[in-house]
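So the protein sequences, as listed, match chains A and B.
So the first sequence is numbered by our numbering: it starts at 4 and just counts up by one.
So the second sequence is numbered by our numbering: it starts at 135 and just counts up by one.
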Amino acid sequence: MSNLKKYPLIEMKGVTKEYSPRKRFFSKCQNKVLALNSIDFSIEKGEIFGLVGQSGSGKTTCGRLLVRLEEPTSGSICLNGEPINKLKGIGLKTYRSKVQMIFQDPYQSLNPHLSIAETILEPLVVNGLGNAATRREKVLHTLEIVGLSPADDFYDRYPHQLSGGQRQRVAIARAIVLDPDFIVADEPTSMLDATIAIQLFQLLTQIRKRFDMAFLFITHNLAAANYLCDRIAVIHEGHIVEVNTANNIIQHPEHPYTKRLIQVQPGFDFNG
Amino acid sequence: MLKNHYIQRFLKGWKIFIQNPLGKMGVVILVVFMLMALASFFVPHINPMYDPMTGIDPDIKISTGPSLTHLLGTDNVGRDLFAQLLEGAKVAFIVGLSSAFFSIVIGTVIGMVSGYAGGMVDTILMRMADIIMVMPSLVILLILSSLFGQFNIWIIVFIIAIMRWPAVSRVIRSQTLSLKHRPFIEASRVAGASHLRIIFRHIMPNVLPLAFLYMTFRVTSAILVEAALSFLGFGDPSQVSWGMMLQWVWKSGHMFQAPYWLIPPGVSISLLTLSFYMLGRAMDEVLDPRLRKEGQS
Ligand SMILES: Nc1ncnc2c1ncn2[C@@H]1O[C@H](COP(=O)(O)OP(=O)(O)O)[C@@H](O)[C@H]1O
Ligand SMILES: [Mg+2]
Chain A
4 MSNLKKYPLI EMKGVTKEYS PRKRFFSKCQ NKVLALNSID FSIEKGEIFG
54 LVGQSGSGKT TCGRLLVRLE EPTSGSICLN GEPINKLKGI GLKTYRSKVQ
104 MIFQDPYQSL NPHLSIAETI LEPLVVNGLG NAATRREKVL HTLEIVGLSP
154 ADDFYDRYPH QLSGGQRQRV AIARAIVLDP DFIVADEPTS MLDATIAIQL
204 FQLLTQIRKR FDMAFLFITH NLAAANYLCD RIAVIHEGHI VEVNTANNII
254 QHPEHPYTKR LIQVQPGFDF NG
Chain B
135 MLKNHYIQRF LKGWKIFIQN PLGKMGVVIL VVFMLMALAS FFVPHINPMY
185 DPMTGIDPDI KISTGPSLTH LLGTDNVGRD LFAQLLEGAK VAFIVGLSSA
235 FFSIVIGTVI GMVSGYAGGM VDTILMRMAD IIMVMPSLVI LLILSSLFGQ
285 FNIWIIVFII AIMRWPAVSR VIRSQTLSLK HRPFIEASRV AGASHLRIIF
335 RHIMPNVLPL AFLYMTFRVT SAILVEAALS FLGFGDPSQV SWGMMLQWVW
385 KSGHMFQAPY WLIPPGVSIS LLTLSFYMLG RAMDEVLDPR LRKEGQS
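Put into structure tokens, the structure is as follows:
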């Protein structure tokens with residue numbers, strides 16, 4: 004078994020994503036948007052990996068590719084060494100139960116017509132896990148984990164009865180209820196106050212410790228990434244310009260763009 | 135507890151709705167017609183001569199004006215006009231609500247599928263909707279019934295529904311388009327939900343209020359189409375309806391001699407369709423916060 008190659012949990016190999024604008028009559032210019040240009044990185048089991056860049060640099064696109072909401076134009080993405088590009092049907096469903104996402108805007112990511120319980124139950128229901136009683140237990144347990152307690156109290160509420168921070172906790176609960184190996188967190192606190200952001204960071208750290216889940220933590224805030232991440236990749240106009248441990252990125256930035264980012268973000272405000 | 139949320143929403147909507155003068159008036163008229171429709175079930179039991187279709191007053195051989203035994207008078211064979219008017223209310227509700235309901239169901243499902251699927255499916259369904267939308271439903275019904283003879287009332291209901299889904303499906307489709315890239319839909323996809331589940335579990339509750347709004351407008355048009363069809367002599371001859379009453383008053387040559395026969399069904403058609411229209415307008419306001427007065431939320 005020693006000759007078996009050890010694969011990283013998730014790996015992007017030369018991934019490029021081009022958005023082509025809609026074809027229109029009489030319009031000759033067909034400038035395509037190159038959202039991601041030959042991206043390479045890999046994330047280990049249980050690691051929090053930061054992806055830092057300005058708005059429009061391609062961070063969200065990267066996260067959406069990882070959860071298969073979008074297909075790469077070229078390149079491949081592998082989970083435990085297995086390419087996921089071609090997955091369909093059962094294979095895709097299995098992949099999705101291992102890879103989850105937390106979206107940026109908690110006011111948009113919860114269906115206003117579903118109760119908190121119905122929202123968190125959905126991943127369990129569509130994957131056919133457990134029966135009504137065990138699912139209920141699982142949801143209550145998960146609510147406690149994300150700090151919505153007493154869980155009974157939140158179980159039957161609706162999103163409009165919750166604050167932004169509480170909604171994002173529900174979104175986190177939905178992401179972890181299947182015990183995935185990997186979670187994409189796309190600027191999960193950029194819509195929230197700094198104090199709430201810090202609480203959520205602490206929650207993510209706890210979850211990582213407890214369940215050994217890996218995260219891709221997307222942010223435009225280097226300070227937030229430094230607080231939370233083991234390693235950081237800096238992305239600029241669809242290119243990864245530098246990958247290093249969080250400490251090294253902050254203390255010994257190599258790429259001029261990273262240096263500039265550090266200069267313009269001196270404060271430790273946590274609106275990651 | 136679980137459905138509390140819907141009840142709360144409903145009560146809140148109802149409050150805004152009933153504060154609106156159009157909504158209030160629409161509800162009042164509607165309640166009057168509903169009572170009439172209910173009364174139609176009891177009137178024949180008072181006296182068999184009050185049966186709207188077969189009840190004939192043995193003493194009367196020609197159309198007579200209002201009297202104590204016949205509140206609105208009788209038609210030319212001695213049938214009670216008030217009983218017919220009550221029966222007409224019942225039929226208008228049945229025709230209006232059921233064909234509106236069918237067209238809303240068809241339109242909502244096609245609109246959601248079309249908007250969600252996009253591509254070829256969308257193109258085909260929407261071209262189909264365009265084709266049906268430009269066909270005048272009354273003319274089509276006239277042609278069909280002159281080809282196949284007079285239709286049963288349920289076939290008329292069904293044809294009206296088939297003719298009237300496209301407008302609904304367009305509205306529901308555009309609503310679906312604006313929903314399908316919302317993060318909560320994508321979150322559901324990431325969780326592994328199937329397309330069918332996303333359409334019926336996540337999109338449908340969000341478009342249903344709009345579908346109900348359109349239902350009130352569909353009721354109006356279904357009642358009008360059925361009335362016009364009956365008046366023109368292509369209705370279900372075994373079924374009393376307001377349009378049928380107008381057809382009989384015309385055919386028996388009493389159009390200008392018997393206002394007590396002509397006016398009640400005419401006014402009823404106008405008032406009932408108007409009340410559904412007013413309901414729809416008032417509901418519009420509940421659903422679209424931009425139309426509300428200040429201070430309501
Ligand atoms: N669906 C899309 N169609 C066309 N262009 C897109 C689409 N999504 C993103 N883009 C473009 O791709 C680039 C990267 O976007 P995004 O990944 O959202 O950046 P970030 O999350 O870092 O702000 C931007 O230039 C954006 O305009
Ligand atoms: Mg983004």
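Think of the CB as a built atom: it goes at the ideal place given N, C-alpha and C, for glycine as much as any other residue.
All of these numbers come straight from a predicted model, not from anything done at the bench.
Once you ignore the five residues that flank residue i on each side, which residues in its own chain have a CB closer than 7 Å to its CB?
i, result
"residue 182 of chain A", "214"
"residue 405 of chain B", "163"
"residue 238 of chain B", "302, 345, 348, 349 and 352"
"residue 311 of chain B", "249"
"residue 260 of chain A", "237, 239 and 244"
"residue 196 of chain B", "210"
Report, in whole angstroms, the separation of the C-beta atoms of residue i and residue j, which I expect to be a contact under 8 Å.
i, j, result
"residue 163 of chain B", "residue 420 of chain B", "Not a contact, Cβ separation roughly 19 Å."
"residue 265 of chain B", "residue 297 of chain B", "Contact doesn't hold; Cβ gap of about 11 Å is too wide."
"residue 104 of chain A", "residue 178 of chain A", "7 Å"
"residue 169 of chain A", "residue 317 of chain B", "So it is not a contact: roughly 17 Å between Cβ atoms."
"residue 229 of chain B", "residue 287 of chain B", "7 Å"
"residue 395 of chain B", "residue 207 of chain B", "7 Å"
"residue 248 of chain A", "residue 234 of chain A", "5 Å"
"residue 215 of chain B", "residue 170 of chain B", "Not confirmed; about 13 Å, so no contact."
"residue 248 of chain B", "residue 260 of chain B", "6 Å"
"residue 211 of chain A", "residue 49 of chain A", "7 Å"
"residue 322 of chain B", "residue 121 of chain A", "Not a contact, Cβ separation roughly 11 Å."
"residue 231 of chain A", "residue 208 of chain A", "7 Å"
"residue 225 of chain A", "residue 265 of chain A", "6 Å"
"residue 138 of chain A", "residue 146 of chain A", "Actually they do not touch by this definition, with Cβ atoms about 13 Å apart."
Any idea if residue i is buried or exposed, counting beta-carbon neighbours within 10 angstroms, 16 or more meaning buried?
i, result
"residue 431 of chain B", "No answer about residue 431 of chain B holds up, because its pLDDT of 45 lies below 50 and its placement is not dependable."
"residue 160 of chain B", "buried"
"residue 370 of chain B", "buried"
"residue 202 of chain B", "exposed"
"residue 375 of chain B", "buried"
"residue 153 of chain A", "exposed"
"residue 392 of chain B", "buried"
"residue 383 of chain B", "buried"
"residue 209 of chain B", "buried"
"residue 85 of chain A", "exposed"
"residue 155 of chain B", "exposed"
"residue 241 of chain B", "buried"
"residue 275 of chain A", "Per-residue confidence for residue 275 of chain A stands at a pLDDT of 49, beneath the threshold of 50, marking its modelled position as unreliable; the derived number appears in the next sentence. Residue 275 of chain A comes out buried."
"residue 184 of chain A", "buried"
"residue 180 of chain B", "exposed"
"residue 340 of chain B", "buried"
"residue 330 of chain B", "exposed"
Within a Cβ cutoff of 8 Å, which residues of the same chain sit near residue i, ignoring the five residues on either side of it in sequence?
i, result
"residue 17 of chain A", "41, 42, 43, 77, 78 and 79"
"residue 175 of chain B", "224"
"residue 38 of chain A", "20, 21, 22, 61, 64 and 241"
"residue 73 of chain A", "20, 64 and 67"
"residue 6 of chain A", "Interpretation of residue 6 of chain A is limited by its pLDDT of 49, a score under 50 that renders its predicted location unreliable; the figure taken from the coordinates is listed afterwards. Closer than 8 Å at Cβ, skipping near neighbours: no residue."
"residue 254 of chain A", "none"
"residue 174 of chain A", "105, 106, 109, 112, 113 and 191"
"residue 115 of chain A", "161, 162 and 163"
"residue 319 of chain B", "313, 332, 336 and 337"
Sorted by chain position, which residues of the same chain lie with C-beta nearer than 6 Å to residue i's C-beta, five sequence neighbours on each side aside?
i, result
"residue 314 of chain B", "250"
"residue 233 of chain B", "291, 294, 295 and 356"
"residue 411 of chain B", "354"
"residue 14 of chain A", "45 and 81"
"residue 402 of chain B", "376"
"residue 386 of chain B", "210"
"residue 263 of chain B", "300 and 303"
Item checked: Residues near ligand 1, criterion Cβ-heavy atom distance below 6 Å -> Residues with a Cβ closer than 6 Å to any heavy atom of ligand 1, in chain order: A:22, A:36, A:38, A:56, A:58, A:59, A:60, A:61, A:62, A:63 and A:64.
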